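Beneath this line is the structure, given in structure tokens, with notes to follow.
2 protein chains.
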Amino acid sequence: MEVTRTNFKDSLSTVYSAIEEADFLAIDGEFSGISDGPNVSALTNGLDTPEERYMKLKKHSMDFLLFQFGLCTFTYDQAESKYVIKTFNFYIFPKPFNRTSPDTKFICQSSSIDFLASQGFDFNKVFRHGIPYLNQEEEVQLREQYEERRSQSNGSGNPSYISPNSNKGPGSIPEEHREYIGRVVEKVESLFTTSEKTVDLEPCTGEKCTGVLCDDIMGFQKERYIQISKVDDEERKRRERQKQEREQEELNDAVGFSRVIHAISKSGKLVVGHNMLLDVMHTIHQFYCVLPEYLLYCFLRLLDTKLMATTQPFKELINITSLAELQKQLKESPFKSPKVVTAEGFPSYDTAQEQLHEAGYDAFITGLCFISMANYLGTFLTPPRAHIPSQSKLIQPFVNKDHVLYVTFPKEWKTSDLYQLFSAFGNIQVSWIDDTSAFVSLSQTDQVQIAMNTSRYAESYRIQTYAEYVQGRQQVRESQGHSTQSWDEDGWVKPHYTSPSTVGAGPTGYSYGHNRYTPFTL
Amino acid sequence: MEVTRTNFKDSLSTVYSAIEEADFLAIDGEFSGISDGPNVSALTNGLDTPEERYMKLKKHSMDFLLFQFGLCTFTYDQAESKYVIKTFNFYIFPKPFNRTSPDTKFICQSSSIDFLASQGFDFNKVFRHGIPYLNQEEEVQLREQYEERRSQSNGSGNPSYISPNSNKGPGSIPEEHREYIGRVVEKVESLFTTSEKTVDLEPCTGEKCTGVLCDDIMGFQKERYIQISKVDDEERKRRERQKQEREQEELNDAVGFSRVIHAISKSGKLVVGHNMLLDVMHTIHQFYCVLPEYLLYCFLRLLDTKLMATTQPFKELINITSLAELQKQLKESPFKSPKVVTAEGFPSYDTAQEQLHEAGYDAFITGLCFISMANYLGTFLTPPRAHIPSQSKLIQPFVNKDHVLYVTFPKEWKTSDLYQLFSAFGNIQVSWIDDTSAFVSLSQTDQVQIAMNTSRYAESYRIQTYAEYVQGRQQVRESQGHSTQSWDEDGWVKPHYTSPSTVGAGPTGYSYGHNRYTPFTL
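As you go down the protein sequences, you meet chains G and B in turn.
For what it's worth, this note's numbering labels the leading residue of the first sequence as 415, then goes sequentially.
For what it's worth, this note's numbering labels the leading residue of the second sequence as 415, then goes sequentially.
Structure below.
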């Protein structure tokens with residue numbers, strides 16, 4: 415399914431429920447370039463440590479744009495022994511939201527653009543109809559803008575009905591505007607003596623009114639004029655509510671595609687990608703926040719099929735690990751192609767007709783590769799099993815190692831309280847979920863169990879492993895009968911305001927200029 | 415006429431003859447962005463001196479891509495008292511030429527891209543079918559690559575017929591390749607004993623052969639193999655000639671759109687643009703060379719219609735000088751819309767149906783504005799004249815002031831000789847045309863006449879003003895009956911090699927790391 419700015423809002427509930435019902439998700443991104451420094455092979459050679467590779471990519475790859483995001487959701491149908499898939503191709507573009515919104519600049523690399531062009535990539539769709547997005551900092555700024563504007567507008571405080579010429583002597587009106595202003599005053603005053611409820615002023619350029627409800631209106635012929643309405647208190651409140659709702663919707667529109675990423679993050683589902691470091695880094699960078707200095711401890715459960723294919727027992731069986739070659743090899747013995755059908759209403763891909771380098775197709779193929787490898791692991795069991803679910807313990811060794819704890823606490827707690835709590839366990843990283851819960855990532859794996867043990871008798875707070883948290887969420891969901899209601903407006907991690915006061919636990923792997931924003935929860 | 419990579423070569427002679435026959439040219443460019451620093455209005459406000467504006471644009475605007483170039487040629491038809499126009503829309507993209515060619519990175523600014531998208535700009539056409547280009551330095555590098563490869567290839571020196579196993583013992587062939595190499599030797603040796611003229615080796619990966627003519631051939635099924643041919647000296651030379659011609663054509667293809675700019679530069683025609691500094695800077699930067707430190711002394715005869723409209727006698731008559739507004743005002747009295755028809759075979763624009771921000775259309779409108787203003791100047795003459803040609807003295811005050819001399823000299827001269835010759839006249843800037851001629855730009859206008867006078871009795875060299883040079887070229891062309899032959903392969907200014915020895919005349923307004931390349935001749 416192709417998702418652009420045009421159908422994004424209408425598709426969102428479909429996307430949310432596809433994520434919610436899935437057993438695992440596969441993702442892939444297409445970018446406007448790879449490297450603005452060393453050439454691509456130097457950036458992606460296999461000799462680097464993960465840390466070195468992360469630093470190289472952070473330095474040389476983050477000014478490119480992720481402009482197509484592919485998501486393929488895989489749901490296992492136990493009765494039919496097959497996977498049902500839903501594929502989404504999101505076109506992404508940072509269309510400026512208004513005059514004060516960030517005017518993003520991004521780099522294009524000719525070789526990458528030329529390569530995508532040769533694959534039939536539709537740049538017009540990206541630039542004309544791409545879905546906008548904001549990272550958390552931009553979202554907070556925009557929210558603040560709205561709040562500031564609201565507090566400045568007529569609506570705040572008591573309405574004051576002041577005739578425009580009562581506090582400004584006619585002497586302060588320039589000669590050339592005197593006639594116009596005279597007509598305005600006459601018109602507005604006529605409101606109080608006639609039964610008319612509104613009066614439209616002549617088109618003009620931005621005079622500010624006080625005292626009555628003013629609406630800046632665009633006429634049929636694109637002329638702008640101010641409409642002044644006689645209203646009672648009830649009506650005024652109703653209109654303000656309407657305006658706030660409209661503003662909230664505008665804000666949601668501006669956050670745009672980031673809402674999909676928030677939903678993926680919050681779902682706790684296994685996310686599968688092929689050679690996915692760059693995809694994950696771009697996703698965090700564009701839709702969450704500036705990347706941290708050190709290799710990120712990722713809150714997503716990530717599995718890289720390229721990494722999996724180069725690990726035992728696959729290493730011996732698979733020669734070339736490019737996505738296309740991997741898929742070919744996984745069709746042959748000892749592997750088996752999985753049984754997969756496209757969900758009704760979704761356009762289906764034909765694997766015989768390669769559409770590589772469309773993000774949605776690549777995500778789909780990546781998911782197929784994962785299933786084939788996962789199911790191969792089942793042949794070692796006694797008795798052998800044909801289907802290995804993505805939650806199986808057999809998969810665990812291939813999932814990125816996370817040392818993430820889910821912590822609940824009283825709503826008075828600030829980031830500094832969390833740093834204090836974990837001060838004995840080395841560096842931590844905090845990602846707020848809401849007022850009373852957060853993810854805390856420990857830099858030292860061996861400290862996880864100790865932290866869990868010490869918390870056992872605590873009363874004010876509670877610690878769960880990430881796995882326990884995900885399991886808990888799943889149980890709640892199942893008891894609700896797979897309701898998709900949980901994915902409405904509040905279904906994602908919100909930026910959390912903490913006081914910019916001191917932070918206890920020394921160097922944290924983060925170097926923010928301020929600590930007001932959640933680093934990220936991906 | 416739309417020109418892309420697909421029809422560029424076939425259109426080139428049409429473009430050349432349109433430039434050649436024109437009275438003046440109008441140009442316009444579309445870019446992937448305006449400013450990577452201060453916002454656009456800060457960059458383009460009218461308060462800066464030209465030097466300040468140049469420095470700002472140089473610093474903040476040159477990493478964007480000029481990806482559409484509009485050219486509209488205007489030819490006056492005396493008999494019919496009307497202009498005949500030819501409009502070209504060139505789509506430009508730095509498609510990498512081969513694996514070693516520059517992989518250009520350029521910035522996109524979301525607001526600019528969004529604006530062009532809203533105007534229906536076709537990005538797919540740019541990225542899929544854009545014409546490549548090289549600046550002079552890249553052209554020289556590519557030429558050197560070809561020469562190096564040629565001197566390394568079999569063709570150079572005497573062919574040496576050596577059997578592959580005569581200078582390498584079989585011991586140096588790895589075990590796993592021995593069988594394959596054996597078959598190769600057998601096949602090649604069979605060439606000398608049979609009547610066959612060629613032998614195709616089995617597909618392999620890059621073995622280097624000595625002794626016979628080897629061709630790297632791509633088979634029907636995309637398998638690559640080496641073909642070995644038995645040839646006599648005659649045949650070998652013929653094939654080398656063919657190869658050189660092919661390489662020259664490849665080189666021309668790579669220089670691509672820059673050839674059009676070279677032709678405009680060489681033509682000496684008046685070039686009209688609207689608010690054209692950025693267009694000119696991008697043109698020099700992409701198709702010539704790194705921009706100099708100081709405001710460029712431009713070798714083109716440039717006229718900016720925005721500047722013209724804000725100069726007497728137009729200043730009093732014209733309020734708003736944006737292109738669209740200017741055009742509207744120039745339709746009304748005291749101005750007159752010029753009589754213009756589109757040349758046969760060219761798609762015509764309808765000025766009623768605005769297509770602003772397509773480069774070709776903007777160039778067209780700019781030309782119309784110029785003609786209206788030029789003809790208005792004719793109303794001051796006694797008797798008044800309805801048509802003022804672009805070469806008229808009445809236009810001179812609006813053309814950028816150039817202090818450019820055309821110098822011819824013996825072919826032994828180097829850049830240092832020119833610096834020595836002009837050492838008495840302040841800073842100069844040299845742009846080579848060929849082995850025996852160059853443009854020399856004097857920084858001090860008042861020195862031009864003195865330089866001319868001192869050269870009068872010189873025998874080894876000759877100096878003409880730029881105007882004399884242009885006039886001379888025109889006379890030659892007319893005597894040839896407007897032949898378009900003069901615009902073939904040699905019709906543009908070539909990079910000129912001078913020894914990297916000392917340069918006499920001190921600071922020159924140029925800060926090149928080397929002086930091997932012509933700064934530019936635009």
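Glycine residues also receive a C-beta, built at the ideal position from the N, C-alpha and C atoms.
Values in this document were obtained by computation on a predicted structure and should not be read as measured data.
From the DSSP output, which residues share a beta bridge with residue i?
i: B/G670; result: B/Y547
i: B/L856; result: B/I842
i: B/I877; result: B/V821
i: B/E416; result: B/N503
i: B/I779; result: DSSP lists no partner for B/I779.
i: B/K496; result: B/D491
i: G/G443; result: G/F483
i: G/V754; result: G/Y497
i: G/S851; result: G/T822 and G/D848
i: G/R715; result: G/L684
i: B/F606; result: Answer is none; B/F606 lacks a bridge partner.
i: B/F478; result: B/I521
Distance, Cα to Cα, residue i vs residue j?
i: G/F784; j: B/K601; result: 47 Å
i: B/D646; j: B/V554; result: 33 Å
i: G/N538; j: B/Y790; result: 43 Å
i: B/L819; j: G/E552; result: 56 Å
i: G/F445; j: B/R467; result: 34 Å
i: B/K742; j: G/F483; result: 45 Å
i: B/W827; j: B/V755; result: 48 Å
i: G/N549; j: G/I698; result: 9 Å
i: B/S747; j: B/G447; result: 37 Å
i: G/H676; j: G/P546; result: 15 Å
i: G/F823; j: G/E562; result: 31 Å
i: G/K423; j: B/K753; result: 51 Å
i: B/L705; j: B/F478; result: 14 Å
i: B/L717; j: B/Y833; result: 29 Å
i: B/V429; j: B/V674; result: 8 Å
i: B/K680; j: B/P803; result: 20 Å
i: B/R876; j: B/R715; result: 22 Å
i: G/T518; j: G/N666; result: 19 Å
i: B/E882; j: B/F853; result: 12 Å
i: B/G774; j: B/I433; result: 15 Å
i: B/T418; j: B/G544; result: 5 Å
i: B/K825; j: B/T850; result: 5 Å
i: G/Q700; j: G/V669; result: 11 Å
i: G/T501; j: B/R597; result: 51 Å
i: B/P516; j: G/M415; result: 37 Å
i: G/S525; j: B/C522; result: 16 Å
i: G/A777; j: G/D442; result: 5 Å
i: G/S913; j: G/T829; result: The predicted position of G/S913 is uncertain, since its pLDDT is 30 and thus under 50; no value can be drawn from it.
Using a C-beta cutoff of 8 Å, does residue i count as contacting chain D?
i: B/S736; result: Looking for chain D here will not work: the only protein chains present are G and B.
From what residue to what residue does the alpha helix (DSSP H) around residue i run?
i: G/L731; result: Run containing G/L731: none; DSSP gives neither H nor E here.
i: B/L835; result: T829 to L835
i: B/H771; result: Here B/H771 belongs to no alpha helix (DSSP H), and DSSP marks it neither H nor E.
i: G/A865; result: Q861 to T868
i: B/H699; result: L691 to F701
i: B/Y430; result: F422 to E435
Taking residue i as part of the beta strand (DSSP E), name the residues at either end of that continuous run.
i: B/T612; result: T612 to D614
Is the region 469 to 487 of chain G touching the region 432 to 450 of chain G in the sense that three or more CB pairs, one from each, lie closer than 8 Å? Counting Cβ pairs under 8 Å, three or more are found: they touch.
Using 8 Å as the threshold, is the region 683 to 695 of chain G in touch with the region 526 to 535 of chain G, meaning 3 or more CB pairs across them? Between the region 683 to 695 of chain G and the region 526 to 535 of chain G there are fewer than three inter-stretch CB-CB distances shorter than 8 Å, so the stretches are not counted as touching.
Give, in chain order, every unbroken run of the alpha helix (DSSP H) that is at least 4 residues long and sits entirely within the region 512 to 560 of chain B. Listed in chain order, the complete alpha helix (DSSP H) runs (minimum 4 residues) inside the region 512 to 560 of chain B are 524 to 532 and 537 to 543.
Can we say the region 495 to 502 of chain G touches the region 771 to 784 of chain G, given the rule of at least three CB pairs closer than 8 Å? The region 495 to 502 of chain G is in contact with the region 771 to 784 of chain G.
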